[in-house]
Ligand code: K1U
Ligand code: ZN
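In the working numbering, the protein residues as written are 58 to 224.
Printed below as a string of structure tokens:
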């Protein structure tokens with residue numbers, strides 16, 4: 058297993074649109090295991106392949122306190138969105154920034170699992186928010202894009218300065 062480097066906003070690679078996974082093979086299963094390890098170590102409750110500079114449609118999430126409900130979604134598709142909820146979000150690619158985003162309260166997703174089988178999942182609350190946030194990553198969208206232009210500019214400035222100082 059391996060810990061992977063997480064891209065930080067405003068890295069333009071975070072705006073890459075990921076391509077579908079053609080075949081679920083051992084390479085994909087190894088990448089999923091490395092992504093889970095990276096997410097738990099961060100620590101985070103989700104991670105999209107885009108964030109570790111792999112532009113394929115795969116994400117991992119685990120919102121459980123005991124870190125024992127890992128979900129791996131390959132080629133996820135949102136079939137249904139219902140209701141609206143405002144929640145504070147964070148992002149491992151935008152460290153130290155938390156803000157409120159409005160998303161669907163309930164979603165139904167179809168995806169492929171690590172055995173290559175299709176499944177459907179109904180999610181609400183934090184799980185629904187987290188899955189929508191991760192699918193946005195696969196579409197090249199970072200949660201700060203839901204915030205005002207002024208907030209985005211401030212976040213960009215702060216993280217660019219931090220990255221320069223870390224060099
Ligand atoms: O995609 C990511 O960058 C991961 C992100 C997922 C997320 C969190 C909150 C709302 C929407 C999506 C994170 O995991 S940020 C870190 C975080 O929320 C957390 C970390 C440790 C314990 C509990 C939560
Ligand atoms: Zn994120």
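Every residue gets a Cβ at the ideal spot worked out from N, C-alpha and C, and that includes glycine.
Bear in mind that the values here come from a model prediction, so they are computed numbers and not experimental data.
Membership of residue 194 in the alpha helix (DSSP H) is indicated by the continuous run 182-195. With a threshold of 16 other beta carbon atoms within 10 Å, residue 173 falls short and is exposed. The beta carbon of residue 185 sits no closer than 7 Å to any heavy atom of ligand 1.
In the three-state reduction of the DSSP assignment, residue 142 falls in the strand class.
Around the beta carbon of residue 219, a 10 Å sphere encloses fewer than 16 other beta carbons of the protein chains shown; the residue is thus reported as exposed. Three or more Cβ pairs closer than 8 Å define a contact, and the stretch 203-220 falls short of that threshold against the stretch 107-124. With a cutoff of 7 Å, residue 65 does not count as near ligand 2, since its C-beta is closer than that to no heavy atom of the ligand. Taking C-beta separations shorter than 7 Å and ignoring five residues to either side along the sequence, the partners of residue 75 in its chain run 106, 107, 112, 113, 114, 195, following chain order. Set against 7 Å, the gap from the CB of residue 149 to the closest heavy atom of ligand 1 is smaller. Note that the C-beta distance between residue 160 and residue 136 is not below 8 Å.
Here the alpha carbons of residue 142 and residue 158 stand approximately 8 Å from one another.
A distance of 8 Å or more separates the beta carbons of residue 133 and residue 149.
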